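Enquirer: Submitted below is the structure of interest, expressed as structure tokens.
In my numbering, the protein residues as written are 302 to 568.
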């Protein structure tokens, strides 16, 4: 078997694995309501596989540097969510989603111009979430209508994430860790949620999923910082495991706190 064919088969396998993660997570999101859906959507179901595959091809230094570039991009994602949430209350999918993507692309283009330190990346996240979380709070409490799946949903979601993984894996060697880290954080899950749910259930219920994702995204940012520190000091496998554990523990804590608020004390 030629090296080119072997590379192609390995790339297709990586794309299929990543697509399976995202499709499963997005289906659960549709059926579990905006709160649980948001917690699932903010797990590293898209960026995680991309970073795992990058770690297979590159050393720990590459992963640590990529994580530094990813950290401020997480701040761009929460501004993208805010843009969509606000506009989707009154506007069409094209206007809301198009504007949200424009915000993300614009901010990511600015981010790539700078060499980010861990402190600067964390500061960008704290400022971004300090602004966006209060603004998103009023849009969180909307009942999720029943969603009927259509035949093209799963193929479209699979194609989105498979394309992302193919771009990250195929270009990482010549674009370097900074661009790879930015591409790896392209919001595939949020994109599929917007594109699929908005035409069916309307802007406000779809926006509720993204509005509830704010606290989860904050934890995701912390997980990226943990990934950077873990990869730089302990190697890629441990760094990736620490980052995943951070996301899971953070989101489980949010879920537990949410359940406690619903408990009515006995009189």
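Ideal placement from N, C-alpha and C gives every residue a C-beta, glycine not left out.
Predicted, not measured: the structure shown is a model, and the values here were computed from it.
Using DSSP with H/G/I as helix, E/B as strand and the rest coil, what is residue 441?
Expert: Three-state DSSP puts residue 441 in coil, outside helix and strand.
Enquirer: Closest to residue 439 by CA distance: which of 545, 340 and 506 is it?
Expert: Closest option to residue 439, Cα to Cα, is 506.
Enquirer: So, at 6 Å on beta carbons, what are the nonlocal neighbours of residue 304 in its own chain, with the 5 sequence-adjacent residues on each side left out?
Expert: Caution is warranted here: a pLDDT of 40 is assigned to residue 304, below 50, making its placement in the model unreliable, and no coordinate value can be reported.
Enquirer: What did DSSP end up calling residue 360 once you bin it into helix, strand or coil?
Expert: In this structure, residue 360 counts as coil in the three-state DSSP scheme.
Enquirer: Please state if the CB of residue 510 and the CB of residue 571 are separated by a distance shorter than 8 Å.
Expert: Here the chain covers residues 302 to 568 and nothing more, so residue 571 does not appear.
Enquirer: What is the residue span of the alpha helix (DSSP H) that residue 519 lies within?
Expert: Its alpha helix (DSSP H) spans residues 515 to 535.
Enquirer: Name the residue from 562, 556, 533 and 415 whose alpha carbon lies nearest to the alpha carbon of residue 359.
Expert: When only C-alpha atoms are compared, the closest one is 533.
Enquirer: Among residues of its own chain, excluding the 5 on either side of residue 382, which ones have a beta-carbon nearer than 6 Å to its beta-carbon?
Expert: So the list reads 511, once near-sequence residues are dropped.
Enquirer: Considering Cα atoms alone, identify which of 353, 436 and 536 is closest to residue 388.
Expert: If we check each option's Cα against that of residue 388, 436 comes out closest.
Enquirer: Got a sec? Which residues, its chain only, sit under 7 Å from residue 559 by beta carbon, not counting five neighbours each side?
Expert: Contacts found: 336.
Enquirer: Would residue 353 and residue 553 qualify as a contact pair, given that the criterion is a beta-carbon distance under 8 Å?
Expert: Against a cut-off of 8 Å, the Cβ pair of residue 553 and residue 353 comes out as no contact.
Enquirer: Report yes or no: do three or more beta-carbon pairs, one from the segment 391 to 398 and one from the segment 410 to 423, lie closer than 8 Å?
Expert: No: the two stretches stay apart, fewer than three of their Cβ pairs being nearer than 8 Å.
Enquirer: If you drop the 5 nearest sequence neighbours on each side, which residues of the same chain put their C-beta closer than 7 Å to that of residue 374?
Expert: So the list reads 409, 412, 483 and 486, once near-sequence residues are dropped.
Enquirer: State the CB to CB distance for the pair residue 537 and residue 361, rounded to an integer number of angstroms; the pair is presumed to be in contact (CB under 8 Å).
Expert: So it is a contact: roughly 5 Å between Cβ atoms.
Enquirer: Use the C-beta contact count for residue 343: other C-beta atoms within 10 angstroms, 16 or more gives buried, fewer gives exposed.
Expert: Buried, because 16 or more other Cβ atoms sit within 10 Å of the Cβ of residue 343.
Enquirer: Indicate whether residue 535 and residue 345 have their beta-carbon atoms separated by less than 8 Å.
Expert: Their beta carbons are not under 8 Å apart, which means residue 535 does not touch residue 345 by this criterion.
Enquirer: Rounded to whole angstroms, what is the Cα-Cα separation between residue 355 and residue 371?
Expert: Distance between the alpha carbons of residue 355 and residue 371: 13 Å.
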